[in-house]
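Residue numbers (the working numbering): 777 to 1177.
Ideal placement from N, C-alpha and C gives every residue a C-beta, glycine not left out.
Note that the coordinates shown come from a computational prediction; the quantities given were computed from them, not determined experimentally.
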């Protein structure tokens, strides 16, 4: 079975064609600048096929982007499948499912309505996800479509963890609560850790750190998410590439009154001009920050220190929520590829039984146990694979298993 995985943004579309049973990736790539000038990247994982890097392709809408992807996948010269009939289903990443979805679902009219109803909860993400679904339905009529939600994994959090201390009717009437995100990533790496260690996940207490341009820390007890750092939106929690993370909400009113900013201007600043970029004044990319800090840039150093300090604290908070921890996992762009930041984050957690081996920690983008032999807590680097989770969920639903 071949599953096409789609992650649609407002002007972009990431895709991957893979076999969820063998875990073989056949091809992957990116459509960028949809509705502008159109850039298309294609990377086949089959020997003898040629990659295409950021070539110009007219993509007025997401439908043209999907057509470009499909035409390339079946291209006689560089395609990886003979015809569209070899695509059995499409799995769509959907950011917000609210409380309506605690698992992935086959998309029908009722599901589409529910996703649309969640637009106020994720105004930057759900409209783009809907656009991707509709584009695929237009170009691939009759092919089963599945929605896989970032929020679904966190629906196991207890009320004491997801409820905000505001008038309760704001939850019952307006659905204001902590939802959490990066669910497919936290789900994948926690289960992969159990496989690697040969332990039943039902008895494990795991802290997962998804660290990248967007970052979150999750507490997973018995395979279920019970506490997470992101909240009502992905703005909450750790400071990120351009997002502020947790702040005193009165700052919003203060900025509006003292800088004469509108609510839209404030929210745009907190989402797009804050975090590592706002503090450093250099970049939202941690690689740039590490380079600048090495050259003596104090603000870049401060941004890194803040990120590591707040992640360090969140690990302790997640462990406290479970009354202990057996495994600490680092994943995503920064978590997988920065030995320096991993060591800085874990430094001083010896009191929790967390000790990183400096030599073992010198790895990037590979599965590895990086804790010392006498560390009570296993510390692991596990590259995330959200596309595989989406493909496997999609295949299970389509096949009825």
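The residues 952, in chain order, have a CB closer than 6 Å to that of residue 946 in the same chain once the five nearest residues on each side in sequence are set aside. Contact between the segment 950-970 and the segment 1021-1038 is absent, with fewer than three C-beta pairs closer than 8 Å. Counting only residues of its own chain and dropping the five nearest sequence neighbours on each side, residue 1115 has a CB closer than 6 Å to the CB of 1137 and 1138. The C-beta distance from residue 992 to residue 1006 rounds to 5 Å, short enough to fall under 8 Å. The Cβ atoms of residue 811 and residue 788 lie no closer than 8 Å to each other. By the 16-neighbour rule on beta-carbons within 10 angstroms, residue 1040 is exposed. With a threshold of 16 other beta carbon atoms within 10 Å, residue 1176 falls short and is exposed.
Counting only the Cα atoms, residue 798 lies some 24 Å from residue 999.
Taken atom to atom, the span from the alpha-carbon of residue 1102 to that of residue 1135 is near 21 Å.
Taking a contact to require three or more Cβ pairs closer than 8 Å, the segment 1153-1170 and the segment 1116-1130 qualify as touching.
The C-beta of residue 805 has 16 or more other C-beta atoms within 10 Å across all chains shown, which makes the residue buried. Annotated as proximal: residue 860 and residue 850, with beta-carbon spacing under 8 Å. Two segments are said to touch when three or more pairs of C-beta atoms, one from each, lie closer than 8 Å; by this definition the segment 828-845 does not touch the segment 889-896.
Exclusion of the five residues before and after residue 1011 leaves 1019, 1020, 1021, 1046 and 1047 as the residues of its chain whose Cβ lies within less than 8 Å of its Cβ.
By the beta-carbon neighbour count (other beta carbons within 10 angstroms, threshold 16), residue 858 is exposed.
Check the Cα spacing between residue 795 and each of 780, 1147 and 931: the tightest is with 780.
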